[in-house]
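To keep things clear, I will list the structure first and then write my remarks on it.
Residue numbers (the working numbering): 46 to 357.
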């Protein structure tokens, strides 16, 4: 059981769609299948330095072969700084997508360009939105895309929710509210299209796909205090574009298990959308740093055990 550590203690990417260009390798000559540490919504800007150090020490003690981070690392320029710190500290591949907070203080395109440039510079950093599928084993891959609460699910016209995104992301702050819905829908659509291209590129020999994204792709996977979302919150907490891409891929490939990791809501839960499509939504709390799961790949697929008591 992992211990929670608290403070008291849309650009078109140029990613190739050909899978197999990169592979996760075992450390120290181990020949077993790789294991991955899943982190979501760490919001490093809210954590004290000592909290960060304790979290890093505990994560290293589990000897994961790679890290998977499903967004909301920090805000503004601190996102790149935190990614550099992670690369220096963990000395192993870090696969990540961005969340809405990661775009604060800039435009969506500017943020993605900055992060793509960073990954070209720092070997261990891999921005999944800009990456082809990553080989984990002969029959398993990792892939992903940011996703966005895209105003395609729920009642956008009558919602009372006011997000900080509209004040802190330039695309919204510098435009009229009448254009916001179109921007949200564009981001969700672009994420879904990018993900579809990657999923369609997978050969039939791939039996297990691990998909990382930030925003829950289905209403059924959008958890808050043990319940799924309502019409008021769904427009900003479900990415219908990514959900449609996942459902289509799962239906077209019944032989392949699609395991999805996401965050955004800060409340955990699991949802079986189809027999071969399951979504794990991760927990987070400002000021704490958690290890959501140590994921292992078995013959039956990705095993995603919860590493702490449910927040529900």
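Glycine included, each C-beta is placed from N, C-alpha and C at the ideal position. Keep in mind that this is a model prediction, so the values were computed, not measured.
Check whether residue i and residue j have beta carbons under 8 Å apart
i: residue 351; j: residue 321; result: no
i: residue 110; j: residue 137; result: yes
i: residue 324; j: residue 263; result: yes
i: residue 340; j: residue 80; result: yes
i: residue 86; j: residue 329; result: yes
i: residue 69; j: residue 181; result: yes
i: residue 196; j: residue 230; result: yes
i: residue 298; j: residue 204; result: no
Continuous beta strand (DSSP E) stretch holding residue i: start and end
i: residue 126; result: No beta strand (DSSP E) contains residue 126, which is instead part of the alpha helix (DSSP H) from 123-135.
i: residue 254; result: 253-257
i: residue 347; result: 346-348
i: residue 184; result: Premise fails: residue 184 is in no beta strand (DSSP E) and is neither H nor E.
Own chain residues within Cβ distance below 7 Å of residue i, not counting five before or after
i: residue 173; result: 140, 141, 142, 188, 189, 190, 257
i: residue 208; result: 281
i: residue 247; result: 64, 178, 186, 254
i: residue 90; result: 119, 120, 123
i: residue 216; result: 152, 153, 228
i: residue 237; result: 286, 287, 289, 290
i: residue 273; result: 264, 265, 267
Terminal residues of the alpha helix (DSSP H) in which residue i lies
i: residue 236; result: 225-245
i: residue 263; result: Element bounds for residue 263: n/a, residue is neither H nor E.
i: residue 162; result: 153-166
i: residue 213; result: 210-213
i: residue 290; result: 285-297
Whole-Å CB distance - residue i paired with residue j, under 8 Å assumed
i: residue 233; j: residue 285; result: 6 Å
i: residue 132; j: residue 169; result: 4 Å
i: residue 104; j: residue 82; result: 6 Å
Proximal residues to residue i (C-beta, below 6 Å), its chain only, five neighbours per side dropped
i: residue 146; result: 117, 120
i: residue 346; result: 253, 302
i: residue 144; result: 116, 117, 259
i: residue 134; result: 101
i: residue 192; result: 236, 258, 259, 260, 284, 287
i: residue 150; result: 121
Residue-level contact to chain D via CB, residue i, 8 Å cutoff
i: residue 235; result: In the displayed structure, chain D is absent; only one protein chain is listed.
At least 3 beta-carbon pairs within less than 8 Å: the region 298-312 vs the region 101-117: Segment contact: the region 298-312 against the region 101-117, three or more CB-CB distances shorter than 8 Å; contact assigned.
Count Cβ pairs between the region 265-282 and the region 247-256 that sit closer than 8 Å; are there 3 or more? The region 247-256 and the region 265-282 do not touch, with fewer than three beta-carbon pairs separated by less than 8 Å.
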